[in-house]
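> Chains as they are written, first to last, in our numbering: chain A, 1 to 113; chain B, 1001 to 1114.
C-beta: ideal position from N, C-alpha, C; glycine also.
Could you have a look at this structure, given as structure tokens, before my questions?
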């Protein structure tokens, strides 16, 4: 079975500051890794995904994430955040070929002016 | 391009009443379809998934059921709602077997059971 731990339930940062949202996972098989963003009262939007190849993945809205197999982590980063980045962020893993996603509990990112 | 629709967007229902939520996907064929529930302050819980018409797998035993009467239609139902059924219901789709398992989500339905 797989599990995903998002280490911070809430992250407050100031506008234009850098941010890192942490995600660790546990799995006995190879997985694909995803980050989704959810704005208030909306569905989930795919930010980025790691399937194979380069461990540094770039996504939409200036976000990037780095897959670290030895530490089983997939942390999300942005060098300079904007007010519009205020949202909830979900890390998820999918066992390769299993057609299912296992989600973390989410991290609420709040941007202060 | 593919789009996914859910309706209604919001719903307020009394305890014990029936439920029917609908999800449809456009621009793809033979998608895998999923129903998730997001309760307040909690992550996403997979309720059902379907790999084809009439093929439904249940992940969590409860008073909800799902059906897939057409290739791109997925319905979530209940005969009698409970207070604990309140939440945000999300439908998602992904490609055929052998795809990269990326799931794309609909806009969601906010259900309040009173």
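Taking C-beta to C-beta, are residue 1112 of chain B and residue 1084 of chain B nearer than 8 Å?
Here the question's residue 1112 of chain B lines up with position 112 in the second chain. Here the question's residue 1084 of chain B lines up with position 84 in the second chain. No, they are not a contact pair.
> I'd like to know if residue 1043 of chain B contacts chain A, where contact means its C-beta is closer than 8 Å to some C-beta of that chain.
Counted from its first residue, the second chain places residue 1043 of chain B at position 43. Closer than 8 Å to some Cβ of chain A, the Cβ of residue 1043 of chain B qualifies, so yes.
> Under 6 Å Cβ to Cβ from residue 1002 of chain B, same chain only, skipping five residues before and after it: list those, please.
Stepping through the second chain from its first residue, residue 1002 of chain B is reached at position 2. Excluding residues within five positions, the ones whose Cβ falls inside 6 Å are 1027 and 1028.
> Which word fits residue 1079 of chain B, buried or exposed, when buried means at least 16 other C-beta atoms lie within 10 angstroms of its C-beta?
By one-based count along the second chain, residue 1079 of chain B stands at place 79. Per the 10 Å Cβ criterion, exposed.
> Name the chain B residues that come within less than 7 Å of residue 94 of chain A, Cβ to Cβ?
Working through the first chain from its first residue, we reach residue 94 of chain A at position 94. The contacting residues are 1101.
> Note the first and the last residue of the continuous beta strand (DSSP E) segment covering residue 1024 of chain B.
Taking the second chain and counting its residues from 1, one reaches residue 1024 of chain B at position 24. Looking at the DSSP string, the run of the beta strand (DSSP E) that includes residue 1024 of chain B is 1019-1026.
> Does the Cβ of residue 54 of chain A have 16 or more other Cβ atoms within 10 Å, making it buried, or fewer, making it exposed?
Residue mapping note: residue 54 of chain A aligns to position 54 of the first chain, counting from 1. Exposed is the call here.
> Any C-beta of chain B sitting closer than 8 Å to the C-beta of residue 43 of chain A?
As a position in the first chain, residue 43 of chain A is number 43, starting the count at 1. Chain B, which has a Cβ nearer than 8 Å to the Cβ of residue 43 of chain A, makes this yes.
> Less than 8 Å between the C-beta atoms of residue 1108 of chain B and residue 1013 of chain B, yes or no?
Counting from 1 along the second chain, the entry for residue 1108 of chain B is found at position 108. Counting from 1 along the second chain, the entry for residue 1013 of chain B is found at position 13. No, these two residues do not count as a Cβ contact at 8 Å.
> Using the rule of at least 16 other Cβ atoms within 10 Å of the residue's Cβ for burial, across every protein chain shown, is residue 1114 of chain B buried or exposed?
Indexing the second chain from 1 puts residue 1114 of chain B at position 114. Result: exposed.
> Hey, which unbroken runs of the alpha helix (DSSP H) at 4 residues or more fall wholly within the segment 1036-1099 of chain B?
Entirely contained in the segment 1036-1099 of chain B, not one alpha helix (DSSP H) run reaches 4 residues.
> By the 10 Å Cβ neighbour count, where 16 or more other Cβ atoms means buried, how is residue 1042 of chain B classified, buried or exposed?
Position 42 of the second chain, counting from 1, holds the residue named residue 1042 of chain B. Exposed.
> Which residues in the same chain have their Cβ closer than 6 Å to the Cβ of residue 102 of chain A, if we skip the five residues on either side of it in sequence?
Your numbering for residue 102 of chain A matches position 102 in the first chain. Excluding residues within five positions, the ones whose Cβ falls inside 6 Å are 2, 4 and 93.
> Taking DSSP as the reference, what is the three-state secondary structure of residue 84 of chain A?
Within the first chain, the letter at position 84 stands for residue 84 of chain A. Residue 84 of chain A: helix per DSSP, three-state reduction.
> Identify which residue in A:41, A:50 and A:42 has its Cα closest to the Cα of residue 96 of chain A.
Taking the first residue of the first chain as 1, we reach residue 96 of chain A at position 96. Of A:41, A:50 and A:42, the residue nearest in Cα terms is A:50.
> Measuring CA to CA, which of A:72, A:73 and A:61 is closest to residue 182 of chain A?
It is not possible to answer for residue 182 of chain A, since the shown part of chain A is limited to 1 through 113.
> For residue 1017 of chain B, which residues of its own chain have a beta-carbon under 6 Å away from its beta-carbon, when the five flanking residues on both sides are left out?
Reading the second chain from its first residue, position 17 is the one you call residue 1017 of chain B. Hits under 6 Å: 1081.
> Just the C-alpha distance for residue 72 of chain A and residue 1055 of chain B, rounded to the nearest angstrom, thanks.
Start at 1 with the first residue of the first chain, and residue 72 of chain A comes out as number 72. Start at 1 with the first residue of the second chain, and residue 1055 of chain B comes out as number 55. Straight-line Cα distance between these residues: approximately 34 Å.
> Going by C-alpha to C-alpha distance, which of A:42, A:26, A:47 and A:113 sits closest to residue 82 of chain A?
Here residue 82 of chain A refers to the residue found at position 82 when the first chain is read from its first residue. Answer by Cα proximity: A:113.
> Just to confirm the assignment: which complete beta strand (DSSP E) runs, minimum length 3, are found wholly within the segment 18-83 of chain A?
Counting whole runs of 3 or more residues, the segment 18-83 of chain A contains the beta strand (DSSP E) stretches 19-21, 23-26, 31-38, 44-50, 56-58, 64-68 and 73-78.
> Please list the residues of the segment 21-51 of chain A that have a C-beta atom closer than 8 Å to any C-beta atom in chain B, keeping them in chain order.
Flagged, chain order: 32, 34, 36, 41, 42, 43, 44, 45, 46, 49 and 51.
> Beta carbon of residue 109 of chain A, beta carbon of residue 48 of chain A: below 8 Å?
Your numbering for residue 109 of chain A matches position 109 in the first chain. Your numbering for residue 48 of chain A matches position 48 in the first chain. Cβ distance not < 8 Å, so residue 109 of chain A and residue 48 of chain A don't count as in contact.
> Does DSSP classify residue 4 of chain A as helix, strand or coil?
By one-based count along the first chain, residue 4 of chain A stands at place 4. The answer is strand: DSSP assigns residue 4 of chain A an E or B state.
> For residue 1030 of chain B, which residues in chain A fall below 9 Å Cβ to Cβ?
Counted from its first residue, the second chain places residue 1030 of chain B at position 30. Those do not exist, as residue 1030 of chain B stays about 13 Å from chain A at its closest Cβ, beyond 9 Å.
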